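This report concerns only the one structure given below.
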Amino acid sequence: MTPGNELLFIALGGSGEIGMNVNLYGTQGKWLMVDCGITFGTPDYPGIDVILPDLQFIEERLDDLVGIVLTHGHEDHIGALPYLAGDLGVPLYATPFTAGLIRGKLEEEGIEDRVQLNIVHDEEPFQIGPFGLRYVPLAHSIPEGNAVLIETPYGRIFHTGDWKLDDAPALGGSSTAAELSAIGDEGVLALVCDSTNVFNPEASGSEAAVREGIDEVIRSAKGRVLVTTFASNAARLQTLGQAAIDTGRQLCVAGRSLDRILRVAKQTGYLRDFPDTIDFDTAMSLPPSRVLIVATGGQGEQRAALARIADGTHQLKLSQGDRVVFSSRQIPGNEIAIGRIMNILADAGVEMITDRQAFVHVSGHPGRPELAEMYKWIRPEIILPVHGEARHIHEQARFAQEQGVPQAVVQKNGDLIRLAPGKPKKLSEIAAGRLVLDGDVILPADGTTIAERRRLSLYGQISVAVAIDSSGKLKGVPQVRVQGVPVEEDRDRFIEQASKAAAEAVRDERGKTEERLRESLRLGVRRCATRFTGKKPVVDVLIVRV
């Protein structure tokens, strides 16, 4: 599909899910990509930490892709670049802080020389192929959150990225109501808008108000205080740095991703008044009441600092009377992992405070009042909700039309939408799947490897090996090995019975083809396992000719 005299839109990620944002705009034979993010592994993907968008659609049209514009530096918007940007081979465009984070990722992968990274300063307009672009600052939980105003021959697109309204943002600036209204005055064809908090009846709130709540929670603690938050929430880091000063505590930072954010923020002019940090040894030697720790791991990540501190495998320790503050929202799906860490901390006598007990977090995404304000300022002809699950996207479409937006487009990953000319219309569906990063290898998320791993995790595995002579007779005793099959105390008896089943299969299939013998061995051993356990494990067969 090559865009002609029209304006097309396709989401390859982020529509029908929260995370992994990738959006394509097409006109005059060219495509522009906005954002290229990841999402994180869930129990549905055993052994997987990172999930990537499948960009096959645009990879087959690389001659038509003119560039990638990044709205801000969160992982769900830039996280796929170190794995995919080298093969895409097009320039990247970002503001200085976001570019600093991207550069670090490219360097870690050793591809910084293969990817052209362009830094855009001071909201200066720039041109990429047939697309005219300008960053429009919006408040978020990371410096340099931006909408992108996209000029096309068929109208202007206001692509919000992630945003909220905050009259007192902790870091960076934000466009005023007058500035956003001026954009609306010039006409906007489509508002492509963050849907994450569309069900929230209240505005997200200001970061400045969180400082008061966190100060109170820290000041009332007698022991060490550890605050965990999203590493990329640089605005919260600024708040916590000020809270350390407010409460007379020395600040200790634990987590590589926090170190990276602090380094890039300072290099690009942010966090100038952030207090000096202390090392782990110093933190443990000071009186507990004088220490504030900021750590990664609030979503229950096993390898993050908080999990290691809770498990006792980190240099930093917590004990009875200390306090842990979860200054972030709990992402759906992470409840079990977070609960595991909370239970360990509770057994150690550590007190825990979440946003249910105190005002220690505000979201970086717009609630309904903020969405209504944006509609009023931008006054688009079309609302196109993105950055949400199906329920979020449908709800924002309904809400926007209730607020007077004339037309709404409800779409999901892979829907090819023509926005202009004429009324918006779905033309077709294209492939928009997922890839997984498995170690150092990128694989299809629904491919053989992950399917096999799911089966192994659900049913367990049995290996059976038999030796057969030239006449087809069994030599010796079949060898059986079991992994993850629930035989427990019956293991020896099960192995004996499975070995007999294998021997019977060899006798019954004597003189038949090796393929038939292999299948008979597999089925015979699996039937034995089913009788013992009620499960149907994976059975691998080795036939040795002697």
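The sequence shown begins at 1 in full-length UniProt numbering and counts up one residue at a time. Ideal Cβ placement from N, Cα and C applies to all residues, glycine included. Predicted model only: the values in this text are computed from it and were never measured.
CB of residue i within 9 Å of CB of residue j, strictly
i: residue 196; j: residue 77; result: no
i: residue 484; j: residue 456; result: yes
i: residue 168; j: residue 203; result: no
i: residue 260; j: residue 101; result: yes
i: residue 410; j: residue 21; result: no
i: residue 296; j: residue 354; result: no
i: residue 34; j: residue 148; result: yes
i: residue 2; j: residue 54; result: no
i: residue 225; j: residue 253; result: no
i: residue 68; j: residue 91; result: yes
i: residue 396; j: residue 528; result: no
i: residue 175; j: residue 120; result: no
i: residue 422; j: residue 535; result: no
i: residue 391; j: residue 274; result: no
i: residue 286; j: residue 250; result: yes
i: residue 191; j: residue 405; result: yes
Cutoff 9 Å: residue i Cβ touching any chain C Cβ
i: residue 149; result: You won't find chain C in this structure, because it holds only one protein chain.
Cβ distance (whole Å) where residue i is taken to contact residue j below 8 Å
i: residue 39; j: residue 70; result: Wrong, their Cβ atoms sit about 17 Å apart, outside the cutoff.
i: residue 93; j: residue 131; result: Between residue 131 and residue 93 the Cβ distance is about 11 Å, and since that is not below 8 Å, they are no contact.
i: residue 480; j: residue 468; result: About 16 Å separates the two Cβ atoms, so there is no contact after all.
i: residue 188; j: residue 158; result: 5 Å
i: residue 145; j: residue 138; result: 5 Å
i: residue 9; j: residue 24; result: 7 Å
i: residue 230; j: residue 363; result: Between residue 363 and residue 230 the Cβ distance is about 11 Å, and since that is not below 8 Å, they are no contact.
i: residue 60; j: residue 27; result: Not confirmed; about 18 Å, so no contact.
i: residue 18; j: residue 388; result: 6 Å
i: residue 243; j: residue 211; result: 6 Å
i: residue 419; j: residue 382; result: 7 Å
i: residue 506; j: residue 477; result: Incorrect: roughly 11 Å between the Cβ atoms, too far for contact.
i: residue 464; j: residue 532; result: Between residue 532 and residue 464 the Cβ distance is about 15 Å, and since that is not below 8 Å, they are no contact.
i: residue 312; j: residue 341; result: Not quite, the Cβ-Cβ distance comes to about 12 Å (not below 8 Å), so this is no contact.
i: residue 350; j: residue 214; result: With a Cβ gap of about 18 Å, residue 350 and residue 214 do not count as contacting.
Unbroken beta strand (DSSP E) run spanning residue i, endpoints
i: residue 143; result: No beta strand (DSSP E) holds residue 143; DSSP gives it neither H nor E.
i: residue 284; result: Per DSSP, residue 284 belongs to no beta strand (DSSP E); it is in the alpha helix (DSSP H), 280-285.
i: residue 463; result: 461-468
i: residue 428; result: 425-429
i: residue 476; result: 474-483
i: residue 524; result: Premise fails: residue 524 lies in the alpha helix (DSSP H), 514-533, not in any beta strand (DSSP E).
i: residue 23; result: 22-27
i: residue 323; result: 323-326
i: residue 330; result: Counting along the chain, residue 330 falls outside any beta strand (DSSP E), and DSSP gives it neither H nor E.
i: residue 13; result: 7-13
i: residue 420; result: 415-420
i: residue 119; result: 117-119
i: residue 438; result: 434-438
i: residue 539; result: 538-545
i: residue 274; result: Element bounds for residue 274: n/a, residue is neither H nor E.
First and last residue of the uninterrupted alpha helix (DSSP H) at residue i
i: residue 61; result: Careful: residue 61 lies outside any alpha helix (DSSP H) and carries neither H nor E.
i: residue 441; result: Note, residue 441: premise wrong, no alpha helix (DSSP H); beta strand (DSSP E) at 441-444.
i: residue 494; result: 491-508
i: residue 100; result: 96-109
i: residue 399; result: 390-402
- Query: Looking at C-beta atoms only, is the number of pairs between the stretch 491-502 and the stretch 522-531 that lie closer than 8 Å three or more?
  - Reply: yes
- Item | Residue ranges of each beta strand (DSSP E) within the stretch 287-315, 3 or longer | 291-295
- Task: Determine contact between the stretch 218-225 and the stretch 397-415, defined as no fewer than three beta-carbon pairs at a distance below 8 Å.
- Result: no
- Query: In the stretch 335-386, which residue ranges form an unbroken beta strand (DSSP E) of at least 3 residues, counting only runs that do not cross its ends?
  - Reply: 351-353, 382-386
- At what residue ranges does the stretch 30-83 contain a whole run of the alpha helix (DSSP H), taking only runs of 4 or more? 56-59, 75-78
- For the stretch 135-174, which segments carrying the beta strand (DSSP E) assignment without a break, of at least 3 residues, lie completely within its bounds, in sequence order? 146-152, 155-159
- Item | alpha helix (DSSP H) segments (min. 4 residues) lying fully within the stretch 186-256 | 207-219, 234-247
- Message: I'd like to know if the stretch 344-354 and the stretch 318-331 are in contact, where contact means that at least 3 CB-CB pairs between them fall below 8 Å.
- Response: yes
- Message: If contact is defined by three or more beta carbon pairs under 8 Å, each pair taking one atom from either stretch, is the stretch 263-276 in contact with the stretch 232-250?
- Response: yes
- Task: Could you tell me whether the stretch 372-379 touches the stretch 396-405, where touching means 3 or more Cβ pairs closer than 8 Å?
- Result: At 8 Å Cβ cutoff, the stretches touch.
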